[in-house]
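Going by our numbering, 347 is the number at position 131 of the sequence shown; the sequence numbering is gapless.
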Amino acid sequence: MFSYIALCTLSLLHRLHRIDMQKAVDFVVSCKNLDGGFGAMPGGESHAGQIFCCVGALAIAGSLHHIDRDLLGWWLCERQCKDGGLNGRPEKLADVCYSWWVLSSLIMIDRVHWIDKEKLTKFILNCQDKENGGISDRPDNAVDIYHTYFGVAGLSLMEYPGVKPMDPAYALPLDVVNRIFLRK
């Protein structure tokens, strides 16, 4: 996660030239697992949140060629549960936040079309508190800002009407990212 945060921040500040990019990429690649996913460290369990961090870091570094897109895409698509939601690793319950972690990674590796977006959209909307606003991790649970952000971000990645587009690597609105990089 820290590699992603460092690369993302340095990129947004136009300072990627200040680090040894090859060493940063080599470390991220060393966290890749045989199942196509990534762990928090070499040999760590594959987890959708960590996969986002590693794929995002590699995208920012221009090094997505290190990823087996089909293998990782399969692992990520296996996160879709019967209720349409996504989980972060095998045998776990669906959680709205993974709509961001999984979808953004699938977009960066060009495999988002492998997910049933209609079922996922329905899952996210079922987690919304229609009276008071906000989104929870699962239907009928208490809403919080974390799941609200990632639920709306997930809807954005699926081009839900009325939601601004998000950049999948930076986790920021696309217009903000474009403004930062076009303003150099």
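Note that the Cβ used here is the ideal one computed from N, Cα and C, for glycine as well.
In this text the structure is predicted, and so the values were computed from the model without any measurement.
Asked, Found
"Beta-carbon gap between aspartate 326 and arginine 285 smaller than 8 Å", "yes"
"Runs of alpha helix (DSSP H) wholly within the region 277–341 (minimum 4 residues, chain order)", "285–293 and 314–324"
"Boundaries of the alpha helix (DSSP H) in which glycine 350 is found, first to last residue", "Run containing glycine 350: none; DSSP gives neither H nor E here."
"C-alpha distance - alanine 192 paired with methionine 374, whole-angstrom precision", "Residue 192 is absent from the structure shown; the chain starts at 217 and stops at 400."
"Reduced DSSP category for aspartate 383 - H, G, I as helix; E, B as strand; rest coil", "strand"
"Local conformation of aspartate 391 per DSSP, three classes", "helix"
"Inter-residue Cα distance where the pair is tyrosine 220 and lysine 298", "31 Å"
"Test item: CB-CB of glycine 304 and histidine 263 under 8 Å", "yes"
"C-alpha distance - serine 320 paired with valine 392, whole-angstrom precision", "17 Å"
"Buried versus exposed, by CB contacts within 10 Å (16 or more), glycine 378", "exposed"
"Contact the region 286–297 vs the region 331–338: 3+ CB pairs below 8 Å", "yes"
"C-alpha distance - lysine 346 paired with alanine 385, whole-angstrom precision", "30 Å"
"Straight-line Cα distance separating leucine 322 from valine 244", "18 Å"
"For aspartate 360, three-class secondary structure by DSSP", "strand"
"Strand pairing of lysine 248, partner residues [DSSP]", "Phe254"
"Glycine 378 - DSSP class collapsed to helix/strand/coil", "coil"
"Collapsed DSSP secondary structure at methionine 237 in the structure displayed", "helix"
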